[in-house]
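The sequence shown lines up with residues 23 to 474 when you count with my numbering. In this text, a Cβ means the ideal position worked out from N, Cα and C, and glycines have one as well. All figures in this text were calculated on a predicted structure; none of them were measured in a lab. Here is the structure we will look at.
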Amino acid sequence: MTAVQSVVPWAIAMLVWLGLMQLYGVPTYPDRVNILVVAVLCLVLIEAPRDVTMQLASASLPAATGVIARWLLLLTGMFIVQLFGGILDDFPRRFAWTWVLVTPVALIGASLLMQALMRRLLMRASGQRQAVFAGYNETSLMLANRIRENPVMCLAVDGFFDDRSADRLQLDTGTELKGSLTDLVSYVNSHRIDVIFIALPIRHVRRVMTLLDELRDTTASIYYVPDIFVFDLIQARAGDIRGMPVVALCETPLYGYRGVSKRITDVVLASGLLLGLLPLLLVIALLVKLSSPGPVIFKQRRYGLDGREIGVYKFRSMTVTEDSGDIPQASRGDARITPIGKVLRRLSLDELPQLFNVLQGRMSLVGPRPHAVAHNEIYRKLIKGYMLRHKVLPGITGLAQVSGCRGETARLEEMEARVRYDLDYLRHWTPMLDFKILLLTVIKMFRDDQAY
């Protein structure tokens, strides 16, 4: 079924393509090479998610959103190929637009249909299994609640085992303590328990080993659930490296195809913006040059991906170009800001040259804003996890900026708030979050009184 699920999106996209060719009378033979290119792009970029369990356990809206995200990725890839190969030149414009609009509707319908079908087949094929937890804590309770909320897992939570008393544990309503850990083996054998989740803290590794040895006298399936929530997690996930299990506690959200899709989006949008805004860039450059002595473009050293030093471009908005030592942040009514610079900073137009940084691969359109090197060296010693914000490319705009954390950070608490938003961005990154931030950035350009 998984193989079918992987092929169906590709098959639907191609069937709609071929059907529209017949509908619009497009000749098949001369365009076989173009059809092959489209087929390969569809196969690579709109393949269904491989994690079938997570897909079945998710709601319909996230599933549909996933289809739309992969479809947008495909269209971006086709746009790039079209620029260099002209694969759509021989097709009527209405054919292309019809395919772009009709195919995602068909893909969403098929995705939801397969999801419902697989749920029904799974529920019929497997009886519900009884599960118990060794250890009562935040981790085991969270997993138990997720099992209860997702009947497709075919698991029923029978109860918990812990050496602490029920009064001490302060059990949640509906949660039952079956006994101590020493009672677990006999209970499993006498009550036909199918699955055991060992959720003891990492520091109790010896107790875990003893418990595993005792449970060899049962036929239950055993899973170890590490208590990783004691850490400040960034994109935590489990996986394996050539068969060796690993748990990622802190990882960039932009690994694999996610990073490729974000880079493609950055290049396409930055290129389009530069072309469209070229007259404005020239006018701003002339105004900066005429308004005060000094260079038009101000380049400052900042930290980029993985804490590597980069040069960031901006239109000069001050009478000084400081880049070392103690750099005072711009404040309201700052005498260093030029008259034209005040307007540029108010509308964030001084940031436009950073689009060239995006094309160079030093920055992204969306990400944590890069700080001056001097400021980084100060705050990395004062704020826990500060350097984790460098797990992704710095951005022209970011979640902190559209959430009100702009302007001067005169107090440590203000920078801490900015860093919290940056780390939340890393934890919850999706392509849709980037588009939301970009949209909010445009809105706030004309409504933000913290820009000066």
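Rounded straight-line distance, which links the Cα of Leu-291 to that of Phe-457: In the sequence shown, residue 457 corresponds to position 435, counting from 1. In the sequence shown, residue 291 corresponds to position 269, counting from 1. Looking at the two C-alpha atoms, the distance is approximately 11 Å.
Between Leu-326 and Thr-419, what straight-line distance do the alpha-carbon atoms span, to the nearest angstrom? The residue given as residue 326 occupies position 304 in the sequence shown. The residue given as residue 419 occupies position 397 in the sequence shown. The question names Leu, but residue 326 is Gly in the sequence shown. Distance between the alpha carbons of Gly-326 and Thr-419: 14 Å.
My guess is that Asp-423 and Thr-463 are in contact by the Cβ rule of under 8 Å, so how many angstroms apart are they, rounded? Position 401 of the sequence shown holds residue 423. Position 441 of the sequence shown holds residue 463. It should be pointed out that residue 423 corresponds to Gln in this sequence rather than to Asp. Sure, about 7 Å apart at Cβ, within 8 Å.
Assigned secondary structure, Ala-221 (DSSP; H/G/I helix, E/B strand, else coil): Counting from one through the sequence shown, the residue named residue 221 turns up at place 199. Reduced to three states, the DSSP call for Ala-221 is coil.
Which residue spans inside the segment 399-424 form an unbroken beta strand (DSSP E) run of at least 3? 417-419
Within 10 Å of its beta-carbon, does Phe-101 have 16 or more other beta-carbons around it, so buried, or fewer, so exposed? As a position in the sequence shown, residue 101 is number 79, starting the count at 1. So Phe-101 ends up on the exposed side.
According to DSSP, which residues form a beta bridge with Tyr-246? Within the sequence shown, the letter at position 224 stands for residue 246. According to DSSP, which records beta bridges pairwise, Tyr-246 is partnered with Ile-220.
Just how far apart, CA to CA, sit Leu-410 and Leu-445? Counting from one through the sequence shown, the residue named residue 410 turns up at place 388. Counting from one through the sequence shown, the residue named residue 445 turns up at place 423. Note on geometry: alpha-carbon atoms of Leu-410 and Leu-445 lie some 7 Å from one another.
Looking only at C-alpha atoms, which of Glu-331, Asp-372 and Ala-156 sits nearest to Ala-307? Indexing the sequence shown from 1 puts residue 307 at position 285. The alpha carbon of Ala-307 has as its nearest neighbour, out of Glu-331, Asp-372 and Ala-156, the alpha carbon of Asp-372.
Asp-73 (DSSP reduced to helix, strand or coil): Residue mapping note: residue 73 aligns to position 51 of the sequence shown, counting from 1. Unreliable positioning characterises Asp-73 in this predicted model, as indicated by a pLDDT of 47, which lies under 50. The coordinate reading is nonetheless provided below. DSSP, reduced to helix, strand and coil, places Asp-73 outside both helices and strands of the structure shown, so it counts as coil.
Excluding the 5 residues flanking Ile-362 on each side, which residues of the same chain have their C-beta closer than 7 Å to its C-beta? Against the sequence shown, residue 362 aligns to sequence position 340. Closer than 7 Å at Cβ, skipping near neighbours: Leu-309, Val-310 and Ser-313.
Measure the C-alpha to C-alpha separation of Gly-41 and Ile-286 and round it to an integer number of angstroms. Counted from its first residue, the sequence shown places residue 41 at position 19. Counted from its first residue, the sequence shown places residue 286 at position 264. Roughly 29 Å between the two C-alpha positions.
In the DSSP assignment, find the unbroken beta strand (DSSP E) run with Pro-267 in it and report its ends. Sequence index remark: in the sequence shown, residue 267 carries index 245 (1-based). Element bounds for Pro-267: 266-270.
Bridge partners - Ala-432, DSSP secondary structure assignment: Residue mapping note: residue 432 aligns to position 410 of the sequence shown, counting from 1. For Ala-432, which the question treats as bridged, DSSP gives no partner whatsoever.
Where Ile-256 falls: helix, strand or coil (DSSP): Taking the sequence shown and counting its residues from 1, one reaches residue 256 at position 234. Strand at Ile-256.
Measure the Cβ-Cβ separation of Ala-221 and Ala-156 and say whether it is below 8 Å. Walking along the sequence shown from the start, residue 221 turns up at place 199. Walking along the sequence shown from the start, residue 156 turns up at place 134. In contact: Ala-221 and Ala-156 (Cβ atoms closer than 8 Å).
Assign Glu-331 to one of three DSSP states: helix, strand, or coil. If you number the sequence shown from 1, residue 331 lands on position 309. In the structure shown, Glu-331 sits in a strand (DSSP, three-state: E or B).
Of the residues Pro-392, Lys-466, Val-247 and Gly-407, the one placed nearest Ser-162, counting alpha carbons only: The residue labelled residue 162 in the question sits at position 140 within the sequence shown. When each option's Cα is compared against that of Ser-162, the closest is Val-247.
Could you pull out every unbroken beta strand (DSSP E) segment of at least 3 residues lying fully inside the segment 165-220, listed in chain order? 177-183, 199-201 and 217-220
Cα-Cα separation, Ala-279 to Thr-195: Walking along the sequence shown from the start, residue 279 turns up at place 257. Walking along the sequence shown from the start, residue 195 turns up at place 173. The amino acid occupying residue 279 in the given sequence is Tyr; Ala does not appear at that position. Distance between the alpha carbons of Tyr-279 and Thr-195 is about 43 Å.
Coil, strand or helix - Val-310 by DSSP: One-based indexing of the sequence shown puts residue 310 at position 288. DSSP places Val-310 in helix when its eight states are reduced to three.
Determine, using beta carbons only, whether Val-154 and Gly-181 come nearer to each other than 8 Å. Numbered from 1 along the sequence shown, position 132 holds the residue referred to as residue 154. Numbered from 1 along the sequence shown, position 159 holds the residue referred to as residue 181. Cβ atoms of Val-154 and Gly-181: closer than 8 Å.
My understanding is that Val-179 touches Val-38, with C-beta atoms under 8 Å, so please give their C-beta distance in whole angstroms. As a working note, residue 179 is residue 157 in the sequence shown. As a working note, residue 38 is residue 16 in the sequence shown. With a Cβ gap of about 44 Å, Val-179 and Val-38 do not count as contacting.
Cβ shell of Gly-201 (< 6 Å), same chain only, five flanking positions each side left out: Looking up residue 201 in the sequence shown gives position 179. Only Phe-183 meet the Cβ criterion.
Ala-147 by DSSP, collapsed to three states: which one? Counted from its first residue, the sequence shown places residue 147 at position 125. Confidence at Ala-147 is low in this model, with a pLDDT of 44, below 50, so the placement of that residue should be treated as unreliable; the coordinate-derived value is given next. DSSP places Ala-147 in helix when its eight states are reduced to three.
Buried or exposed: which applies to Lys-403, given that a residue is buried once 16 or more other Cβ atoms fall within 10 Å of its Cβ? As a first step, residue 403 is located in the sequence shown; it is residue number 381 there, counting from the start. Lys-403 comes out exposed.
Quick test of your reading: Met-340 and Arg-358, contact by CB under 8 Å. State the CB separation rounded to the nearest angstrom. Looking up residue 340 in the sequence shown gives position 318. Looking up residue 358 in the sequence shown gives position 336. Indeed they touch by this definition, with Cβ atoms about 4 Å apart.
Might you give, ordered along the chain, the residues of its own chain that have their beta carbon closer than 7 Å to the beta carbon of Glu-236, omitting 5 neighbours on each side? For the purposes of this step, residue 236 is identified with residue 214 of the sequence shown, where counting begins at 1. Same-chain partners within the cutoff: Val-207.
Hey, Pro-390 and Gly-426: beta-carbon distance below 8 Å or not? Taking the sequence shown and counting its residues from 1, the one referred to as residue 390 is at position 368. Taking the sequence shown and counting its residues from 1, the one referred to as residue 426 is at position 404. No, these two residues do not count as a Cβ contact at 8 Å.
Rounded to whole angstroms, what is the Cα-Cα separation between Glu-436 and Ala-396? Sequence index remark: in the sequence shown, residue 436 carries index 414 (1-based). Sequence index remark: in the sequence shown, residue 396 carries index 374 (1-based). Counting only the Cα atoms, Ala-396 lies some 17 Å from Glu-436.
Kindly indicate which three-state DSSP category Arg-115 falls into: helix, strand or coil? Start at 1 with the first residue of the sequence shown, and residue 115 comes out as number 93. Arg-115: helix per DSSP, three-state reduction.
Do you know how far the Cα of Val-29 is from the Cα of Arg-228? As a position in the sequence shown, residue 228 is number 206, starting the count at 1. As a position in the sequence shown, residue 29 is number 7, starting the count at 1. Cα to Cα, the separation comes out at about 46 Å.
For Leu-11 versus Met-385, is the C-beta spacing smaller than 8 Å? Residue coverage of the chain in this structure runs from 23 to 474, which leaves residue 11 outside it and unanswerable.
Would the beta-carbon of Val-289 fall within 8 Å of that of Leu-377? Numbered from 1 along the sequence shown, position 267 holds the residue referred to as residue 289. Numbered from 1 along the sequence shown, position 355 holds the residue referred to as residue 377. Not a contact, by the Cβ cut-off of 8 Å.
Could you say which of Ile-169, Leu-134, Ile-90 and Gln-44 lies nearest to Phe-113 if we only look at CA atoms? Within the sequence shown, the letter at position 91 stands for residue 113. Measuring from the Cα of Phe-113, the nearest candidate turns out to be Gln-44.
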